[in-house]
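Number of protein chains: 2
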Amino acid sequence: MTTALPAPTALRERAAQLDADDALAPLRERYLLPPDVVYLDGNSLGPLPAAVPPVLSDVVTRQWGTDLIGSWNVNGWWEAPLRVGDAIGALIGAAPGQTVAGDSTSVQLFTALDAAAALRPDRPLLVTDPGHFPTDRYLADAVARRRGLDVCRVSPADLPRFLETEGARVAVVSYSPVDFRTGELYDVRALTRAAHEAGSLALWDLCHAAGALPLDVDTLGVDLAVGCGYKFLSGGPGAPAFLYVARRHHASLETPLPGWTGHADPFGLRRDYTPAPGIARARIGTPPILPLLALEAALTAFDGVDMTQVRDKSLSLTGFFLRCAEELLTPEGFTPVTPAEPGRRGSQVTLRHPHAHGLTLALAQRAVIADMRAPDLLRFGVNALYTSHQDLLTAALRLRDIAHEAAYDPTPPPPGTVT
Amino acid sequence: MTTALPAPTALRERAAQLDADDALAPLRERYLLPPDVVYLDGNSLGPLPAAVPPVLSDVVTRQWGTDLIGSWNVNGWWEAPLRVGDAIGALIGAAPGQTVAGDSTSVQLFTALDAAAALRPDRPLLVTDPGHFPTDRYLADAVARRRGLDVCRVSPADLPRFLETEGARVAVVSYSPVDFRTGELYDVRALTRAAHEAGSLALWDLCHAAGALPLDVDTLGVDLAVGCGYKFLSGGPGAPAFLYVARRHHASLETPLPGWTGHADPFGLRRDYTPAPGIARARIGTPPILPLLALEAALTAFDGVDMTQVRDKSLSLTGFFLRCAEELLTPEGFTPVTPAEPGRRGSQVTLRHPHAHGLTLALAQRAVIADMRAPDLLRFGVNALYTSHQDLLTAALRLRDIAHEAAYDPTPPPPGTVT
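If you read the protein sequences in the order shown, they are chains A and B.
Basically the working numbering = 1-based index in the first sequence + 12.
Basically the working numbering = 1-based index in the second sequence + 12.
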């Protein structure tokens with residue numbers, strides 16, 4: 013066994029200085045992070061916010077247990093999807109009344125893609141990112157098949173040029189601000205504008221962006237957006253997702269799943285479906301109260317937090333980790349994949365290594381939690397509300413030691429492994 | 013103010029005797045019912061099972077809080093939709109591997125209706141109950157519109173005759189065993205057989221049946237079924253729903269929402285969707301772990317419980333309440349709507365009164381929780397696991413007093429009231 017390599021003093025001092033100057037450092041107390049663990053997987057599952065357990069206990073024991081069915085009125089359960097939607101809206105730059113929370117991201121994506129296609133009925137193309145998260149791709153294919161559309165897979169870099177020639181035939185472009193594998197940040201403003209200049213709609217999947225960086229969906233004129241509640245929003249595993257639809261589209265919005273709670277008079281037991289006014293028509297079934305109110309509590313971790321400060325710290329964190337990677341990990345065979353240019357980075361750093369799976373497992377055994385995406389990417393998510401620069405140096409040092417000592421299993425994971 | 017009328021001694025004695033002879037009475041301790049409240053709305057929201065709070069606390073604090081992302085493996089989160097599905101399957105007569113839990117009933121209905129239509133592609137009719145719960149009707153209309161089918165609204169009583177003439181054109185018949193308003197129980201066996209004789213599929217919405225009476229979906233050859241987790245299963249407000257698809261249909265099952273978790277290799281990040289084998293292909297998005305594991309805990313209230321005993325006691329309860337209604341409430345202007353014949357009763361008794369809304373509110377003020385369905389129905393749900401005959405006598409006596417004293421507000425609810 014090789015002796016662990018010494019830590020470069022300059023990096024230690026830099027981490028200490030950056031953390032000492034960090035105005036957001038006290039926010040870490042809003043999360044119940046296990047001691048002695050460096051958690052860099054909040055871009056997959058956010059950690060437990062301190063506000064959640066007492067709220068959830070109250071929801072279960074008092075609201076459900078004691079107030080029972082009356083809670084739909086007295087404890088505000090009925091309005092929860094719109095109330096929590098507005099709370100998320102505040103983090104993505106959406107004025108109230110345009111965001112609804114509930115269901116999974118996949119269901120919300122289906123709704124958004126289908127509704128967008130219905131808003132541009134004479135246009136036969138649905139354009140999406142060939143590198144989009146699988147569910148985005150599968151659901152784009154499914155919606156296109158059902159509606160007789162064609163899917164064009166165009167990378168974000170090529171989208172403006174594509175729209176110049178084909179734009180008049182494009183109903184909707186569906187992209188994510190942040191590539192879930194590489195952490196690359198795309199230009200939401202420019203791509204939305206390009207879509208609009210072609211007369212098509214812009215649909216954004218904000219899973220890796222909401223809560224991580226400022227988003228101005230209203231100002232940028234985004235048409236529809238979806239996102240999940242369990243990454244940077246820390247709403248809990250499989251937390252309810254959200255759907256944003258710009259107000260100008262509400263009156264003509266037709267959703268593919270007209271469930272009873274989206275009806276204009278849900279308790280009127282009407283024969284036919286009449287959509288509720290506004291974003292309420294995007295409600296589907298009975299709302300999932302337990303996780304919805306857990307998510308609502310989780311969002312209070314953002315109370316009083318300025319998203320531009322979050323972005324600044326996030327860039328400081330990822331920039332520092334890229335520096336650590338360059339000094340400590342590149343010599344051990346890791347290749348940074350995330351762009352070095354700050355304006356092109358989301359809130360994650362990705363490193364390539366052929367033994368990503370074994371390295372991630374070995375790192376977890378040394379109390380640093382990251383994750384991998386097949387076949388060869390290690391992902392390190394940072395969240396400005398609780399990640400410190402010291403966390404990132406610790407992660408880089410332990411990963412360097414593991415690689416240097418070859419203290420990991422190089423066997424690739426069997427197919428179907430949950431990663 | 014009128015003096016309260018005396019309680020008929022015979023009913024009191026009968027209630028005491030029936031409760032004394034009730035072998036299921038100890039099960040009541042499996043639920044945390046508030047003292048001094050008679051809860052007869054478990055057919056809308058089941059009460060809190062005692063097993064839920066400690067499990068949910070462990071899920072939040074230890075699994076999410078401490079084990080974090082690793083819980084997908086070490087705490088069995090990934091398999092939860094299938095594991096909880098199987099637990100529900102055991103209550104509806106489904107062998108393992110045919111039921112998945114997750115999403116809302118509306119989403120599962122959409123999936124079931126659409127998948128059923130796809131399994132019978134040359135048949136242009138979708139047949140459903142004109143008295144079906146609104147979401148069932150709206151989603152049938154939506155699926156039919158998308159697939160170019162026609163919806164025929166045929167009452168359960170008329171279905172066999174309808175199928176004799178039109179059956180060869182029917183893709184699927186979509187019904188509920190129990191009418192959510194009247195509590196009438198239909199003949200699932202006969203209607204399923206009639207559908208099959210016509211070569212069409214039978215889809216059952218078990219919201220008001222699962223956990224309330226024995227169901228034999230496998231034995232009866234039911235093709236697809238859906239149901240909710242929050243009524244007789246007591247999984248919590250907006251608990252995950254379930255979808256059952258008979259094994260013989262799995263290989264050709266195409267779902268309308270091919271989300272990433274239903275993929276054969278969900279972590280392989282494949283370009284195209286390849287459905288998982290078996291019922292796993294009906295998974296959609298990231299599973300809602302908090303409410304799913306709350307539901308799993310809730311289902312343990314059924315451990316060791318024989319559903320035929322549940323049915324026997326449920327009939328004893330509803331039969332006794334109908335007798336109470338006849339003696340105490342009919343003279344005050346209430347009309348029982350639920351069939352007197354035991355074989356035609358679900359686990360609910362419905363009474364008609366023109367002031368159903370005001371009476372339900374006044375009853376709640378006297379600690380008896382029932383509900384109403386517009387415009388004039390009062391519903392009293394019984395659950396053999398915790399309802400006693402004494403509960404029902406108390407409810408009938410208080411309702412009689414309220415009506416006799418005219419101690420309620422006869423104003424109808426404004427449109428949009430959450431009831």
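Backbone N, C-alpha and C define an ideal beta-carbon position, used for all residues, glycine too.
- Within the DSSP secondary-structure output, residue 380 of chain B pairs in a beta bridge with B:50.
- Looking at the backbone, the Cα of residue 104 of chain A and that of residue 152 of chain A are separated by about 23 Å.
- Around the CB of residue 231 of chain A, fewer than 16 other CB atoms lie within 10 Å, so the residue is classed as exposed.
- Taking C-beta atoms as the reference points, residue 254 of chain B and residue 359 of chain B fail to come closer than 8 Å.
- Secondary-structure assignment with DSSP links residue 246 of chain A through no beta bridge to anything.
- Closest in alpha carbon position to residue 267 of chain B, among B:131, B:28, B:93, is B:131.
- A contact between stretches requires three or more CB pairs, one per stretch, nearer than 8 Å, and the stretch 346-361 of chain B meets this requirement with the stretch 321-330 of chain B.
- Residue 117 of chain A and residue 76 of chain B have their alpha carbons spaced roughly 20 Å apart.
- Between the C-alpha atoms of residue 403 of chain A and residue 384 of chain A there is a straight-line separation of about 18 Å.
- With the criterion set as a beta carbon lying under 9 Å from some beta carbon of chain B, the members of the stretch 64-75 of chain A are 64, 65, 68, 69, 71, 72, 73, 75, in sequence order.
- By the Cβ-count criterion, residue 110 of chain B is buried, with 16 or more other Cβ atoms from all chains shown falling within 10 Å of its own Cβ.
- With respect to residue 60 of chain B, residue 44 of chain B sits close: the two C-beta atoms are nearer than 8 Å.
- From the beta-carbon of residue 44 of chain B, the residues of chain A found nearer than 7 Å are 77.
- Residue-level contact check: residue 298 of chain A touches chain B, since one or more beta carbons of chain B fall below 8 Å from its beta carbon.
- Between the beta-carbon of residue 238 of chain A and that of residue 121 of chain A there is about 5 Å, and that keeps the pair under the 8 Å contact cut.
- Contact between the stretch 137-151 of chain A and the stretch 268-279 of chain B is established, with three or more Cβ pairs separated by less than 8 Å.
- Cα atoms of residue 102 of chain A and residue 37 of chain B: separation of roughly 50 Å, rounded to the nearest angstrom.
- Nearest in C-alpha terms to residue 137 of chain A, of all of A:157, A:154, A:162, A:124, is A:162.
- Beta bridge pairing from DSSP links residue 357 of chain A with A:196.
- Below the 7 Å Cβ cutoff, chain A contributes 80 as neighbours of residue 51 of chain B, in chain order.
- In terms of CA proximity to residue 209 of chain B, B:177 leads the group B:124, B:195, B:177.
- A residue is called buried when at least 16 other Cβ atoms come within 10 angstroms of its Cβ; residue 196 of chain B meets this threshold and is buried.
- Distance from the CA of residue 133 of chain A to the CA of residue 183 of chain A, rounded to the nearest whole angstrom, comes to 7 Å.
- The alpha-carbon separation between residue 302 of chain B and residue 39 of chain A amounts to approximately 25 Å.
- Going by DSSP, residue 306 of chain B is part of the alpha helix (DSSP H) stretching over 301-311.
- Looking only at A:127, A:309, A:173, the smallest Cα-Cα distance to residue 247 of chain A is reached by A:309.
- Annotated as distal: residue 363 of chain B and residue 414 of chain B, with beta-carbon spacing of 8 Å or more.
- Closest in C-alpha terms to residue 52 of chain A, from the list A:423, A:397, A:283, A:386, comes A:397.
- Considering only beta carbons, the part of the stretch 94-120 of chain A lying closer than 9 Å to chain B consists of 114, 115, 116, 117, 118, 119, 120, in chain order.
- Apart from the 5 residues on each side of it in sequence, residue 126 of chain A sits with its Cβ closer than 6 Å to the Cβ of 155, 268 in its chain, given in chain order.
- In the three-state reduction of the DSSP assignment, residue 220 of chain A falls in the coil class.
- Close to residue 85 of chain A, with beta-carbon spacing below 7 Å, are these residues of chain B in chain order: 430.
- By the C-beta density criterion, residue 292 of chain A is buried, having at least 16 other C-beta atoms within 10 angstroms.
- At a cut-off of 8 Å between beta-carbon atoms, residue 306 of chain A makes contact with chain B.
- Taking 8 Å as the threshold, the shortest C-beta distance from residue 256 of chain A to chain B does not fall below it.
- When Cβ-Cβ separations below 8 Å define contact, residue 383 of chain B makes contact with chain A.
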